[in-house]
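Single-structure report; data block below.
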Amino acid sequence: MYNIRDHWIPAYFHDIEMDGLLRITSRSESSNFFFQHFHQNGDTLVEFYSSFESGMDKQCHLNTENDTKSKHTPHTATTIKIEIDASKLYTRKLFHFVSEDIKSACYHTNIPDMSKDHHSRNYKVEDELMHGKIFEVDVNLSNNSVKCSCNFYFRRGYLYRHVFATLHQCGVKEIPRKYVKTRWSKDAVKRDSILGSQLPGFVSRIVWTMLVKTRIRLIKLLLTWIKQTQIFQNQKQVVQFKEVVI
Numbered sequence: 001m002y003n004i005r006d007h008w009i010p011a012y013f014h015d016i017e018m019d020g021l022l023r024i025t026s027r028s029e030s031s032n033f034f035f036q037h038f039h040q041n042g043d044t045l046v047e048f049y050s051s052f053e054s055g056m057d058k059q060c061h062l063n064t065e066n067d068t069k070s071k072h073t074p075h076t077a078t079t080i081k082i083e084i085d086a087s088k089l090y091t092r093k094l095f096h097f098v099s100e101d102i103k104s105a106c107y108h109t110n111i112p113d114m115s116k117d118h119h120s121r122n123y124k125v126e127d128e129l130m131h132g133k134i135f136e137v138d139v140n141l142s143n144n145s146v147k148c149s150c151n152f153y154f155r156r157g158y159l160y161r162h163v164f165a166t167l168h169q170c171g172v173k174e175i176p177r178k179y180v181k182t183r184w185s186k187d188a189v190k191r192d193s194i195l196g197s198q199l200p201g202f203v204s205r206i207v208w209t210m211l212v213k214t215r216i217r218l219i220k221l222l223l224t225w226i227k228q229t230q231i232f233q234n235q236k237q238v239v240q241f242k243e244v245v246i
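What follows is the structure, encoded as structure tokens:
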């Protein structure tokens, strides 16, 4: 295992995009924790699916609630244009992380050295929150591309304070859209929903909720039919047994 450590230890994958990855066990444990509040041990199959429907309704409600909160632009911690852009772009939860990084870029980073060549600039950023460690950030203004030696973007999926510090120095007022993941943006539901390209976001969510509920009802009908079929077969076997005995 030690000899192949570069194939499984996360520290060796800083230059590979790994944001959003979730182990199967973590995903199943998260689902189990959520649904355990809606059912009890000993529930029948029909009761379980009824509880499952309640859980799905709860998730839909939370999703709608979060979408509603995200539609309202939150207050920014600074007056920097790039943070204002982030408040209009990201979901409420993700914006809080980005806002903290932008604020940290203002108060906890220094740029002791900078070199430039035509459209590209190289910054050395000192991070006070990491005991004065120096990171190198390359900014290409011709195509709005950035690269930081911390490779935080590849692990988390959004830009870090080192990059925000350099973008602010370059006078960039918007987050380069190539570094904005769809799932973090406010219109993620509208883009990824089945009919998102044809209907407004709230209509897409309603349609999706109806599809989920219809599927669950069909499953419940199927289970009821299976249960009735089993009862009928059991009764038929009892009748046949009586005929044999008589």
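Per UniProt numbering, the sequence shown runs over residues 1 to 246.
We put the beta carbon where it would ideally sit given N, CA and C, even for glycine.
Nothing here was measured: the structure is a model prediction, and the numbers come from that model.
Sixteen is the threshold: when 16 or more other Cβ atoms of the shown chains lie within 10 Å of the Cβ of D127, as they do, the residue is buried. K186 is the residue among D113, K186, Y123, K81 whose C-alpha sits nearest the C-alpha of L94.
A distance below 8 Å separates the beta carbons of Y123 and M114.
Taking all protein chains in view, the Cβ of S145 is surrounded by fewer than 16 other Cβ atoms within 10 Å, so the residue is classified as exposed. Between I102 and I80 the beta-carbon gap is near 6 Å, inside 8 Å, which marks them as a contact.
Rounded to whole angstroms, the gap between the alpha carbons of S142 and E65 is 40 Å. Here L159 is buried: its Cβ has 16 or more other Cβ atoms, across all protein chains shown, within 10 Å. Per DSSP, reduced to three states, the secondary structure at I219 is helical. With a minimum length of 3 residues, the unbroken runs of beta strand (DSSP E) contained wholly in the stretch 38-120 fall at 109-117. With at least 16 other beta carbons inside 10 angstroms of its own, E83 counts as buried.
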